[in-house]
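Chemist: Below you will find the structure I want to go over with you.
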Amino acid sequence: MILISFKTTKKMLHLLLLSGAAFLAVAGCTLWQKTPPPPPPPKPVTRPHVDTKAQQQYYDLGLQHYSKENYGEAKEAFQQAVDLGPNSALGLKAQENLKKIDRVLKTLEELESK
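If you use this note's numbering, the sequence shown corresponds to residues 348 to 461, in order.
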């Protein structure tokens, strides 16, 4: 059995504590670092300027042609309204009207083929 004096044990304990504290200090540097700042918020999506006056004119022209059953001209006018702003309220309505025209033209073709 190895006998160690109280004085030696005290010194060893002191060294052990110091080395442990140094280890914790080094390890703590990585553990207690500030967290990186959050990424910046995404930039807002900028929408291109919609010429609402021109879009309304094309939409109204499309309605006029549609009411006169000039479906080809109505389709062109509604498409112009969509091109000026596909995601605007009027652009979405024009897209719905284009679908209606396609259904009408398909029905007319079916009736003519019979």
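A virtual CB, placed ideally from N, CA and C, is assigned to each residue, including glycine. Predicted, not measured: the structure shown is a model, and the values here were computed from it.
Looking at the structure shown, is lysine 440 part of a helix, part of a strand, or coil, going by DSSP?
Modeler: It is helical.
Chemist: Starting from glycine 419, trace the alpha helix (DSSP H) both ways and give me its first and last residue.
Modeler: First-last of the alpha helix (DSSP H) with glycine 419: 418-431.
Chemist: Please go through the same chain and pick out, in chain order, the residues whose beta-carbon is closer than 8 Å to the beta-carbon of isoleucine 448, but skip the five residues on each side of it.
Modeler: Within the same chain, isoleucine 448 has close Cβ partners Tyr413, Tyr418, Ala421, Lys422, Phe425.
Chemist: Assign asparagine 444 to one of two classes, buried (16 or more other C-beta atoms within 10 Å of its C-beta) or exposed (fewer than that).
Modeler: The residue is buried, with at least 16 neighbouring Cβ atoms inside 10 Å.
Chemist: Taking buried to mean at least 16 other C-beta atoms within 10 Å of its own C-beta, is alanine 428 buried or exposed?
Modeler: Buried: at least 16 other Cβ atoms inside 10 Å.
Chemist: Compare the Cα-Cα distances from lysine 440 to each of Lys390, Lys453, Ser460, Tyr405 and report the closest residue.
Modeler: Minimum Cα distance to lysine 440 is reached at Tyr405.
Chemist: Helix, strand or coil for valine 397, going by three-state DSSP, please let me know.
Modeler: It is coil, neither helix nor strand.
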